[in-house]
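Using this note's numbering, the letters of the sequence shown map in sequence onto residues 175 to 356. Data block below; observations after.
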Amino acid sequence: MALKATIFKADLNIADMDRHYYGSHALTIARHPSETDERMMMRVLAFALHASESLAFGKGLSADDEPDLWQKDLTGAVQLWIDVGQPDERRLLKACGRAEQVVVYSYSGTQVWWGQMGSRLERARQLKVYAVAPEASQALGALAQRTMQLQCTIQDGQVWFTAGEASVHLEPVLLKDAAGPA
175 MALKATIFKA DLNIADMDRH YYGSHALTIA RHPSETDERM MMRVLAFALH ASESLAFGKG
235 LSADDEPDLW QKDLTGAVQL WIDVGQPDER RLLKACGRAE QVVVYSYSGT QVWWGQMGSR
295 LERARQLKVY AVAPEASQAL GALAQRTMQL QCTIQDGQVW FTAGEASVHL EPVLLKDAAG
355 PA
């Protein structure tokens, strides 16, 4: 018998001073049986950094042809494709063919992965790649609970996540900008 996804609920309040976006989102997050709390919370981070009413979680690990998060326009065209982790080159190039913008948030092992991938992905003009320090992604993973009340503040590229008394500060580092290498 196959294991089922674990459902997490998060009330996420976002104050993004960089984009002038302020909103509350009631998120239902399905965590795949093979997914860690760290990876799931990286998806929540990606949601917070790109939050909008049309941003949605994809099937992620359950489907090869869907991202972790995506945003579509009213015609169904993919505007934004977001993956977390270290996706392979073929997946990212295919995503670049389907979406206007592709963003990757890498964590834990980024230096090795980017060392192998960086030069091969230079031609992907609409691809942005960010690295999150392993200590920060692990601390973010430690905030995971089945029911969460999260506050996220974003200012000058820095991110603060708060859940109750616990707080995590992180600063995603741009490795590749959409126009080329950073």
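Note that CB positions come from ideal geometry on N, CA and C, so glycine has one too.
Residue range of the alpha helix (DSSP H) that includes residue i
| i | result |
| --- | --- |
| THR284 | 284-291 |
| VAL219 | The sequence given here places Leu at residue 219; Val does not occur at that position. It spans 211-224 - the alpha helix (DSSP H) in which LEU219 sits, taken as one unbroken run. |
Residue burial classification, residue i (beta-carbon count within 10 angstroms, cutoff 16)
| i | result |
| --- | --- |
| THR284 | buried |
| GLN290 | exposed |
| LEU324 | buried |
| ARG297 | exposed |
| TYR118 | Past the edges of the chain, shown from 175 to 356, lies residue 118, and the structure says nothing about it. |
| LEU348 | exposed |
| LYS183 | exposed |
Contact with chain D by residue i, beta-carbon distance below 8 Å
| i | result |
| --- | --- |
| LEU349 | Among the chains in the structure shown there is no chain D, since it carries only a single protein chain. |
Extent of the continuous beta strand (DSSP E) run through residue i
| i | result |
| --- | --- |
| GLU274 | 273-281 |
| ARG205 | 195-205 |
| LEU254 | 252-258 |
Residues that residue i bridges to, as DSSP identifies them
| i | result |
| --- | --- |
| MET322 | ALA184 |
Where residue i falls: helix, strand or coil (DSSP)
| i | result |
| --- | --- |
| ALA305 | strand |
| LYS268 | helix |
| PRO312 | The sequence shown places Gln at residue 312, not Pro. Reduced to three states, the DSSP call for GLN312 is helix. |
| LEU295 | helix |
Whether or not the region 272-288 and the region 325-338 are in contact is what I'm after, with contact meaning three or more pairs of Cβ atoms, one per stretch, closer than 8 Å; do they touch? no
Taking 8 Å as the threshold, find out whether the region 306-313 comes into contact with the region 194-209 through three or more Cβ pairs. They do not touch, by the three-pair rule.
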